[in-house]
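A.B. asks: Protein sequences, first through last, are from chains A and B.
Using our numbering, read the first sequence as starting at 33 and increasing by one per residue.
Using our numbering, read the second sequence as starting at 204 and increasing by one per residue.
Below are the structure tokens for one structure; questions will follow.
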Amino acid sequence: MLISVIIAGLVMGAIYGMVGLGFSIIFRASGIMNLAQSEMITLASLIGVTLYQTVGLSFWLALALTMLIMFAFGALLQLGIISKYSDRGVAGIYMVLVTLGLSKVINGGCELIFGANPIQFPSVFSVSTVNILGAFVTPERILSFFLSALGMLVIHLFLTKTKVGIATRACASDAVAAEACGINVVKSNAVVWGLASAVAAMCGMMLGPIYGAAISLGSKVGTKGMASSVSGGFGNIYGAMVGGLLLGIVESFVGGYVNSTMKDMVAYLLLFLMLCVRPTGLFNEQAVRDV
Amino acid sequence: MALLEIKDLHYFYGNVHALKGVSLHVEQGEIVTLIGSNGAGKTTLLRTISGLNPAKGIRGEVLFDGKPITGAKGHNITGMGLAQVLEGRHIFPKLTVLENIQMGAYLRKDKAEIARQTEELFELFPRLKERERSLGGTLSGGEQEMLAIARAMISNPKLLLLDEPSMGLAPLVIHEIFAAIRKLRENGTTILLVEQNSKVALSTADRGYVLQTGEIVMEDTSENLAKDPEVKKAYLGG
Numbered sequence: 033m034l035i036s037v038i039i040a041g042l043v044m045g046a047i048y049g050m051v052g053l054g055f056s057i058i059f060r061a062s063g064i065m066n067l068a069q070s071e072m073i074t075l076a077s078l079i080g081v082t083l084y085q086t087v088g089l090s091f092w093l094a095l096a097l098t099m100l101i102m103f104a105f106g107a108l109l110q111l112g113i114i115s116k117y118s119d120r121g122v123a124g125i126y127m128v129l130v131t132l133g134l135s136k137v138i139n140g141g142c143e144l145i146f147g148a149n150p151i152q153f154p155s156v157f158s159v160s161t162v163n164i165l166g167a168f169v170t171p172e173r174i175l176s177f178f179l180s181a182l183g184m185l186v187i188h189l190f191l192t193k194t195k196v197g198i199a200t201r202a203c204a205s206d207a208v209a210a211e212a213c214g215i216n217v218v219k220s221n222a223v224v225w226g227l228a229s230a231v232a233a234m235c236g237m238m239l240g241p242i243y244g245a246a247i248s249l250g251s252k253v254g255t256k257g258m259a260s261s262v263s264g265g266f267g268n269i270y271g272a273m274v275g276g277l278l279l280g281i282v283e284s285f286v287g288g289y290v291n292s293t294m295k296d297m298v299a300y301l302l303l304f305l306m307l308c309v310r311p312t313g314l315f316n317e318q319a320v321r322d323v
Numbered sequence: 204m205a206l207l208e209i210k211d212l213h214y215f216y217g218n219v220h221a222l223k224g225v226s227l228h229v230e231q232g233e234i235v236t237l238i239g240s241n242g243a244g245k246t247t248l249l250r251t252i253s254g255l256n257p258a259k260g261i262r263g264e265v266l267f268d269g270k271p272i273t274g275a276k277g278h279n280i281t282g283m284g285l286a287q288v289l290e291g292r293h294i295f296p297k298l299t300v301l302e303n304i305q306m307g308a309y310l311r312k313d314k315a316e317i318a319r320q321t322e323e324l325f326e327l328f329p330r331l332k333e334r335e336r337s338l339g340g341t342l343s344g345g346e347q348e349m350l351a352i353a354r355a356m357i358s359n360p361k362l363l364l365l366d367e368p369s370m371g372l373a374p375l376v377i378h379e380i381f382a383a384i385r386k387l388r389e390n391g392t393t394i395l396l397v398e399q400n401s402k403v404a405l406s407t408a409d410r411g412y413v414l415q416t417g418e419i420v421m422e423d424t425s426e427n428l429a430k431d432p433e434v435k436k437a438y439l440g441g
């Protein structure tokens, strides 16, 4: 029991962390709380299941293609819509309304194209469960955990080792100085939105086998992801992952040992209390930055 | 042909008329300074030249290397060989010294040459070399100014715009920074220097302009400006 509770917590926690990562990287780059991020997951899971089941691609090819499509979609959203608002000087808090509108449009669009009924996401592996130290876990969940870890590592390397990645951090910390360095800040933000959308694509493909692909998927995990990133210190990508794991484990323990209907309440209550102790989240970069 | 030529340049922040028909020129190899008190429009002028101010407020013409650059985007202007050190330094605090310099070389692809020039800049500013792995935000004010200059110079500019390099620095550090600025000119960089510290600016520059509430009110060699009774009274403390 203990082991399966821990494993379930780690798996969901890692996914929440990835969902939260999507919120965090956009916030740190442009100070925008992107409420459309959850619906990007919905869209991605529906595109993914279509490529995987209807078109008949292999899971990996469908994953890669979904990430690519979502990257382009996210980048175009930034170039075509978000940057137009920022150019007019619309401040971060008002941008929330723009992203809220976007989330409704994306969700409505998904319903129009893919229908309101959930689509069964076919399993990825032929074995149904794997035995880990006596706990039976679906291989899709194990895959989700390792995909999340891999995604985190790739994003870390991108942001710290590549010129384009470092430039996104430069733009995030000082857009005027970045522009003076010759960096196209609008393009750099498009890369960030593309990246966040590719992360959403990964989340959609990981959550599909767990919850099924449905237009309600985004709202189901979106708040969890947002809670993960905020509790970890909004804008800190590593914090999002830690926050996600924390939320996943607490939720899993409450669900396993107390009552599964209470798991959300207790998990959020704990985050709520944690903010009391650490008002800026666990690892807030902003607080360090503003020396 | 002047490297930089500005003809009747106006800038509007909404209804605020910040630059009122500024004309000036900077010749190849010169250090030209622009002095004036707080709010005279010095920073506005530099940011309008370099494309960092919204283009819709611009009237008039800026020619760089003979080509009109009026209203072009900031990152494109940097790519043409016009670099700017911003007022208040604006280094990236969460990036290391080396990463800051790497960002200055963002548009360049010649890695080996960038590495060689980085070493040259470290010779000019040895303190940066010692701190190459430190985060920009942990540097002292003087070191941050050096980093800001190094970050601008690594883009290989034909023209360097310097905005208040002496701001908030101790006299000894100012001396060190201006010695480096003279050395940059010896190596072939043309410089347009904006300063509130008129004394050090006039002692470094060849020529100067005096900007007052958005207008050029005086223009002469630095030597003559430093001797001018009005300049003395208004900007050199009598």
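The beta-carbon is built from N, C-alpha and C at its ideal position, and this holds for glycine as well.
Along chain B, which residues have their Cβ under 7 Å away from the Cβ of Ser155/A?
C.D. replies: The residue labelled residue 155/A in the question sits at position 123 within the first sequence. Those within 7 Å of Ser155/A in chain B number zero; the least Cβ separation is about 43 Å.
A.B. asks: If you pair each beta-carbon of the segment 413-433 of chain B with each one of the segment 381-391 of chain B, do three or more pairs fall below 8 Å?
C.D. replies: Counting Cβ pairs under 8 Å, fewer than three are found: no touch.
A.B. asks: With a cut-off of 8 Å, does the C-beta of Gly277/B fall near any C-beta of chain A?
C.D. replies: Stepping through the second sequence from its first residue, residue 277/B is reached at position 74. For Gly277/B, the answer is yes, since a Cβ of chain A falls inside 8 Å of its Cβ.
A.B. asks: Which complete beta strand (DSSP E) runs does the segment 375-421 of chain B hold, if anything under 3 residues is left out?
C.D. replies: Segments of the beta strand (DSSP E) lying fully in the segment 375-421 of chain B: 393-398, 410-415.
A.B. asks: Would you say Leu255/B lies against chain A (beta-carbon separation less than 8 Å)?
C.D. replies: For the purposes of this step, residue 255/B is identified with residue 52 of the second sequence, where counting begins at 1. Chain A contact via Cβ: present.
A.B. asks: How is the beta strand (DSSP E) around Ala191/B delimited, first residue to last?
C.D. replies: Lying before the first or after the last residue shown, residue 191/B is absent from chain B, which here runs from 204 to 441.
A.B. asks: For Arg262/B, which of helix, strand or coil comes out of DSSP?
C.D. replies: Residue mapping note: residue 262/B aligns to position 59 of the second sequence, counting from 1. Looking at Arg262/B - three-state DSSP - the assignment turns out to be strand.
A.B. asks: For Glu211/A, which residues in chain B fall below 7 Å Cβ to Cβ?
C.D. replies: Reading the first sequence from its first residue, position 179 is the one you call residue 211/A. Leu255, Gly277, His278, listed in chain order.
A.B. asks: Between which two residues does the alpha helix (DSSP H) harbouring Asn139/A extend?
C.D. replies: Counting from one through the first sequence, the residue named residue 139/A turns up at place 107. It spans 124-146 - the alpha helix (DSSP H) in which Asn139/A sits, taken as one unbroken run.
A.B. asks: Please give me, in chain order, every unbroken run of the alpha helix (DSSP H) with length at least 4 that falls completely inside the segment 189-254 of chain A.
C.D. replies: Complete alpha helix (DSSP H) runs here, min 4: 195-205, 207-212, 217-243.
A.B. asks: From the DSSP output, in three-state form, read off Glu208/B for me.
C.D. replies: Reading the second sequence from its first residue, position 5 is the one you call residue 208/B. Three-state result, Glu208/B: strand.
A.B. asks: Could you check where the alpha helix (DSSP H) with Thr247/B kicks off and where it finishes?
C.D. replies: Looking up residue 247/B in the second sequence gives position 44. Here the alpha helix (DSSP H) through Thr247/B covers 245-252.
A.B. asks: Answer with buried or exposed for Ile35/A, where buried requires no fewer than 16 other C-beta atoms within 10 angstroms of its C-beta.
C.D. replies: Counting from one through the first sequence, the residue named residue 35/A turns up at place 3. So Ile35/A counts as exposed.
A.B. asks: CB-CB under 6 Å to Leu278/A, same chain, minus the five flanking residues each way: which ones, in chain order?
C.D. replies: Sequence index remark: in the first sequence, residue 278/A carries index 246 (1-based). Answer for Leu278/A: no residue qualifies.
A.B. asks: Report the residue from Leu227/B, Leu342/B, Gly269/B, Leu289/B whose alpha carbon sits nearest the alpha carbon of Leu301/B.
C.D. replies: Stepping through the second sequence from its first residue, residue 301/B is reached at position 98. Of Leu227/B, Leu342/B, Gly269/B, Leu289/B, the residue nearest in Cα terms is Leu342/B.
A.B. asks: Mind pulling the chain B residues with CB within less than 8 Å of Ser205/A?
C.D. replies: Along the first sequence, one-based indexing puts residue 205/A at 173. Ordered by position in chain B, the residues that pass the 8 Å Cβ test against Ser205/A are Phe295, Pro296, Lys297, Leu298.
A.B. asks: Anyone know if the C-beta pair for Ala76/A and Gly226/A falls short of 8 Å?
C.D. replies: Start at 1 with the first residue of the first sequence, and residue 76/A comes out as number 44. Start at 1 with the first residue of the first sequence, and residue 226/A comes out as number 194. The answer is no: Cβ separation not under 8 Å.
A.B. asks: For Arg201/A, decide whether its Cβ has a neighbour in chain B, counting only Cβ atoms nearer than 8 Å.
C.D. replies: Stepping through the first sequence from its first residue, residue 201/A is reached at position 169. Output row for Arg201/A: interface = yes.
A.B. asks: Distance check for Glu290/B and Ser62/A, CA to CA, integer angstroms please.
C.D. replies: As a first step, residue 62/A is located in the first sequence; it is residue number 30 there, counting from the start. As a first step, residue 290/B is located in the second sequence; it is residue number 87 there, counting from the start. Going by the C-alpha atoms only, they are around 22 Å apart.
A.B. asks: First and last residue of the alpha helix (DSSP H) that includes Leu100/A?
C.D. replies: Along the first sequence, read from residue 1 onward, the residue named residue 100/A stands at position 68. Segment 91-109, the alpha helix (DSSP H) holding Leu100/A.
A.B. asks: Within this structure, are the beta carbons of Val169/A and Val159/A separated by less than 8 Å?
C.D. replies: As a position in the first sequence, residue 169/A is number 137, starting the count at 1. As a position in the first sequence, residue 159/A is number 127, starting the count at 1. No, the Cβ-Cβ distance between Val169/A and Val159/A is not below 8 Å.
A.B. asks: List the whole-angstrom C-beta distance separating Ala202/A from Met349/B, where the pair is believed to meet the contact cut-off of C-beta under 8 Å.
C.D. replies: For this step, residue 202/A is matched to residue 170 along the first sequence. For this step, residue 349/B is matched to residue 146 along the second sequence. Not quite, the Cβ-Cβ distance comes to about 18 Å (not below 8 Å), so this is no contact.
A.B. asks: Restricting to Cα atoms, I'd like to know which of Met99/A, Met72/A, Leu67/A is closest to Ala230/A.
C.D. replies: Counting from 1 along the first sequence, the entry for residue 230/A is found at position 198. Closest by alpha carbon: Met99/A.
A.B. asks: Ignoring anything shorter than 4 residues, give me the alpha helix (DSSP H) runs that lie fully in the segment 277-340 of chain B, in order along the chain.
C.D. replies: You should have 277-282, 300-307, 314-327, 329-333.
A.B. asks: Three or more C-beta pairs under 8 Å: does that hold for the segment 52-72 of chain A against the segment 302-313 of chain A?
C.D. replies: Not touching, per the Cβ criterion.
A.B. asks: Within the 8 Å Cβ cut-off, does Glu302/B reach chain E?
C.D. replies: Absence of chain E from the displayed structure is noted, the protein chains being A and B.
A.B. asks: Mind checking whether Gly80/A and Gly240/A have CB atoms under 8 Å apart?
C.D. replies: Position 48 of the first sequence holds residue 80/A. Position 208 of the first sequence holds residue 240/A. Yes, the pair counts as a contact, with Cβ atoms nearer than the cut-off.
A.B. asks: Report all residues from its chain with a CB closer than 7 Å to the CB of Ile357/B; omit the five preceding and five following residues, and keep chain order.
C.D. replies: Mapped onto the second sequence, residue 357/B falls at position 154. Cβ neighbours of Ile357/B beyond the five flanking positions: Ile304, Gly307, Ala308, Ile317, Gln320, Thr321, Leu324.
A.B. asks: Measuring only the C-alpha atoms, how far is Glu233/B from Met204/B?
C.D. replies: On the second sequence, position 30 is the one that residue 233/B refers to. On the second sequence, position 1 is the one that residue 204/B refers to. Each residue's alpha carbon lies about 13 Å from the other.
A.B. asks: So which of Asn221/A, Gly313/A, Phe59/A has the shortest CA-CA distance to Gly112/A?
C.D. replies: As a position in the first sequence, residue 112/A is number 80, starting the count at 1. The option with the nearest alpha carbon to Gly112/A is Asn221/A.
A.B. asks: Which value, in whole angstroms, describes the spacing of the CA atoms of Leu109/A and Thr192/A?
C.D. replies: For the purposes of this step, residue 109/A is identified with residue 77 of the first sequence, where counting begins at 1. For the purposes of this step, residue 192/A is identified with residue 160 of the first sequence, where counting begins at 1. Between Leu109/A and Thr192/A, the C-alpha separation is close to 25 Å.
A.B. asks: What is the residue span of the beta strand (DSSP E) that Phe168/A lies within?
C.D. replies: In the first sequence, residue 168/A corresponds to position 136, counting from 1. Segment 167-169, the beta strand (DSSP E) holding Phe168/A.
A.B. asks: Mind listing the chain B neighbours of Val224/A? Cutoff is C-beta to C-beta under 9 Å, in chain order.
C.D. replies: As a position in the first sequence, residue 224/A is number 192, starting the count at 1. Ordered by position in chain B, no residue passes the 9 Å Cβ test against Val224/A, which lies about 16 Å from the chain.
A.B. asks: Taking Cβ-Cβ distances below 8 Å as the criterion, which residues of the segment 174-203 of chain A are in contact with chain B?
C.D. replies: From the segment 174-203 of chain A, only Lys195, Ile198, Ala199, Arg201, Ala202 have a Cβ closer than 8 Å to chain B.
A.B. asks: Using a C-beta to C-beta distance shorter than 9 Å, which residues of chain A count as neighbours of Thr445/B?
C.D. replies: Because chain B spans 204 through 441 in this model, residue 445/B falls outside it and cannot be assessed.
A.B. asks: So is Pro274/B in contact with chain A if we call contact Cβ pairs under 8 Å?
C.D. replies: Counting from 1 along the second sequence, the entry for residue 274/B is found at position 71. Checking the displayed sequence, the identity of residue 274/B turns out to be Gly instead of Pro. Chain A, which has no Cβ nearer than 8 Å to the Cβ of Gly274/B, makes this no.
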